[in-house]
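Numbering (our numbering), first residue to last: 8 to 379.
The structure is reproduced here in structure tokens:
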């Protein structure tokens, strides 16, 4: 494929990374994606129990919580012959593999290559990469960087009084794999987000009793199995259980923390000038462009979105600047736009944790802002 000589580094080959690679190549860039796993797919790659090198948080039996009709890319949809809307995770992985095959991306992807360090060098990027298979290190220079490393790999564990005194088994949902592991046991699930609700449903078929602890008000009206009881938040743990906010107590054998993930970029040097404060990544223009170094774009930070559509818009938005089809606003203008967004969130009482949350505002707050 003919290129314009500008080199693009794509970090990750999941849903966002594949989109960044494909669009960069179509724009005539000399693009390459680095993926630390042995296959593409990111979040959607399932790692069997007992395997040591776990990068994904995928678990057995997961189905999408969005219909496939909104999970495809603008130029590549799920096959019409798939009748069900909420598809198994294996179907999503198959779709991503077919996307890569359709656009002939494999030759531009280096598997088992881990990004070690990214730092600005003059007006370019110096990137150190580890070839995992051969245990060698490579230095490359790029003009542009797409950071597509996902945000479902670093568990966020709550700091709850007495957690160290609890003697039972505890794990984060990142490490959960199979429901029959909990057969005949009593389990406390903390968190009633998508993972907490789904894992509760899965293990309720095997566990003797499940307590689902959360702070939602009103409580979910889900028709749970008879062995599921909803509880308020944990006030403190004991050696064999917990005291809850309403001063009730329960005992249990296992704790599953479904408490979310941290946004983390361990490969970015301090020179990149990005901060993460309680999952608020800044300073970014339109949740995407590094204001200090606008030749870097972070793809996929917004959540509660239609992901593939959002990723595609973000990538094409960044590429419009990278290819000089559009001129970057001044740094002052980008900072002013960021401050306006922060002020709007403050007025709505939104914390840093929800800085990149979109939900029903994804069209007005994100899509319309970056559509080209």
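Note that the Cβ used here is the ideal one computed from N, Cα and C, for glycine as well.
Checklist line | Beta-carbon proximity list for residue 311, same chain, < 6 Å, skipping 5 on both sides | finding: Residue mapping note: residue 311 aligns to position 304 of the chain shown, counting from 1. These residues qualify, in order along the chain: 364, 365, 366.
Notebook entry, point to check: Are residue 47 and residue 103 touching if we call contact CB-CB under 9 Å?
Noted result: Indexing the chain shown from 1 puts residue 47 at position 40. Indexing the chain shown from 1 puts residue 103 at position 96. The answer is yes: Cβ separation under 9 Å.
Next item on the list: Work out the CA separation of residue 73 and residue 255 for me, nearest whole Å.
Entry: Working through the chain shown from its first residue, we reach residue 255 at position 248. Working through the chain shown from its first residue, we reach residue 73 at position 66. A straight line joining the alpha-carbon of residue 255 with that of residue 73 spans about 36 Å.
Margin query: For the beta strand (DSSP E) containing residue 131, name the first residue and the last one.
Written below: Against the chain shown, residue 131 aligns to sequence position 124. Where residue 131 is concerned, the enclosing beta strand (DSSP E) stretches over 131-138.
Margin query: Can you look up residue 69 in the DSSP assignment and give me helix, strand or coil?
Written below: Here the question's residue 69 lines up with position 62 in the chain shown. Three-state DSSP puts residue 69 in coil, outside helix and strand.
Note to self: So, does the segment 269-286 touch the segment 182-189, judging by three or more C-beta pairs under 8 Å?
What the structure shows: Contact between the segment 269-286 and the segment 182-189 is absent, because fewer than three Cβ pairs lie under 8 Å.
Check: In three-state terms, what does DSSP make of residue 352?
Finding: Stepping through the chain shown from its first residue, residue 352 is reached at position 345. It is helical.
Note to self: Does residue 338 pass the burial test, meaning 16 or more other C-beta atoms within 10 Å, or should it be called exposed?
What the structure shows: In the chain shown, residue 338 corresponds to position 331, counting from 1. With fewer than 16 Cβ atoms within 10 Å of its Cβ, residue 338 is classed as exposed.
Margin query: Counting beta carbon pairs with one atom in the segment 138-156 and one in the segment 295-311, are three or more of them shorter than 8 Å?
Written below: Taking a cut-off of 8 Å for Cβ pairs, the segment 295-311 and the segment 138-156 touch, as three or more such pairs fall below it.
Next item on the list: With a 10 Å radius around its C-beta and 16 neighbouring C-beta atoms as the bar for buried, classify residue 146 as buried or exposed.
Entry: As a working note, residue 146 is residue 139 in the chain shown. Under this definition residue 146 is an exposed residue.
Notebook entry, point to check: Can you tell me whether residue 378 is buried or exposed, with buried defined as 16 or more other CB within 10 angstroms of its CB?
Noted result: To locate residue 378, count along the chain shown from 1; it is residue 371. Its Cβ having fewer than 16 others within 10 Å, residue 378 is exposed.
Item checked: Chain-order list of residues whose beta-carbon lies under 7 Å from that of residue 107 (same chain, five-residue window excluded) -> Reading the chain shown from its first residue, position 100 is the one you call residue 107. So the qualifying residues of the chain are 25, 47, 113.
Checklist line | Whole-angstrom distance between residue 32 and residue 161, CA atom to CA atom | finding: Working through the chain shown from its first residue, we reach residue 161 at position 154. Working through the chain shown from its first residue, we reach residue 32 at position 25. Each residue's alpha carbon lies about 30 Å from the other.
Next item on the list: Specify the secondary structure class of residue 382 as computed by DSSP and reduced to three states.
Entry: Since the first residue shown for the chain is 8 and the last is 379, residue 382 is missing from the structure and cannot be characterised.
Check: Could you give the distance in angstroms between the alpha-carbon of residue 201 and the alpha-carbon of residue 227?
Finding: Here residue 201 is taken as the residue at index 194 of the chain shown, counted from 1. Here residue 227 is taken as the residue at index 220 of the chain shown, counted from 1. For residue 201 and residue 227, the distance between alpha carbons rounds to 12 Å.
Notebook entry, point to check: With a Cβ-Cβ cutoff of 9 Å, do residue 78 and residue 313 count as a contact?
Noted result: The sequence position of residue 78 within the chain shown is 71, counting from 1. The sequence position of residue 313 within the chain shown is 306, counting from 1. Using a Cβ distance threshold of 9 Å, residue 78 and residue 313 count as a contacting pair.
Checklist line | Terminal residues of the beta strand (DSSP E) in which residue 232 lies | finding: What you label residue 232 is simply residue 225 of the chain shown in a count that begins at 1. In the DSSP annotation of this structure, residue 232 is not part of any beta strand (DSSP E), being labelled neither H nor E.
Margin query: Ignoring anything shorter than 4 residues, give me the alpha helix (DSSP H) runs that lie fully in the segment 296-373, in order along the chain.
Written below: Runs found: 314-329, 338-354.
Checklist line | Same chain, Cβ closer than 7 Å to residue 109, neighbours up to 5 away in sequence not counted | finding: For this step, residue 109 is matched to residue 102 along the chain shown. By the criterion of a C-beta distance shorter than 7 Å, residue 109 is surrounded in its chain by 83, once the five residues flanking it on both sides are discounted.
Notebook entry, point to check: Counting Cβ pairs closer than 8 Å, one from the segment 203-221 and one from the segment 290-304, do we hit at least three?
Noted result: These segments do not touch.
Notebook entry, point to check: Between which two residues does the beta strand (DSSP E) harbouring residue 144 extend?
Noted result: For the purposes of this step, residue 144 is taken as the residue at position 137 of the chain shown. First-last of the beta strand (DSSP E) with residue 144: 143-149.
Item checked: Residue(s) in a DSSP beta bridge with residue 118 -> For the purposes of this step, residue 118 is taken as the residue at position 111 of the chain shown. Looking at the DSSP assignment, residue 118 forms a beta bridge with 42.
Next item on the list: Confirm, please, whether the CB-CB distance from residue 207 to residue 244 is below 9 Å.
Entry: Position 237 of the chain shown, counting from 1, holds the residue named residue 244. Position 200 of the chain shown, counting from 1, holds the residue named residue 207. No, they are not a contact pair.
Notebook entry, point to check: Got a sec? Which residues, its chain only, sit under 6 Å from residue 362 by beta carbon, not counting five neighbours each side?
Noted result: One-based indexing of the chain shown puts residue 362 at position 355. Scanning its chain for C-beta atoms nearer than 6 Å, with the 5 sequence neighbours on each side dropped, one finds around residue 362 the residues 287, in chain order.
Margin query: Using CA atoms only, rank isn't needed, just tell me which of 316, 263, 348 is closest to residue 290.
Written below: On the chain shown, residue 290 is found 283 positions in, with the first residue counted as 1. For residue 290, the closest of 316, 263, 348 by C-alpha to C-alpha distance is 348.
Next item on the list: For the alpha helix (DSSP H) holding residue 25, just list the boundary residues, first then last.
Entry: Locating residue 25 in the chain shown gives position 18, counting from the first residue. Where residue 25 is concerned, the enclosing alpha helix (DSSP H) stretches over 22-33.
Check: If you draw a straight line from the alpha carbon of residue 355 to that of residue 241, how long is it in whole angstroms?
Finding: For the purposes of this step, residue 355 is identified with residue 348 of the chain shown, where counting begins at 1. For the purposes of this step, residue 241 is identified with residue 234 of the chain shown, where counting begins at 1. Each residue's alpha carbon lies about 27 Å from the other.
Checklist line | Beta carbon of residue 126 nearer than 9 Å to that of residue 279 | finding: By one-based count along the chain shown, residue 126 stands at place 119. By one-based count along the chain shown, residue 279 stands at place 272. Contact flag set, yes.
Check: In whole angstroms, what is the alpha-carbon distance linking residue 213 and residue 95?
Finding: What you label residue 213 is simply residue 206 of the chain shown in a count that begins at 1. What you label residue 95 is simply residue 88 of the chain shown in a count that begins at 1. Between the alpha carbons of residue 213 and residue 95 lies a distance of about 21 Å.
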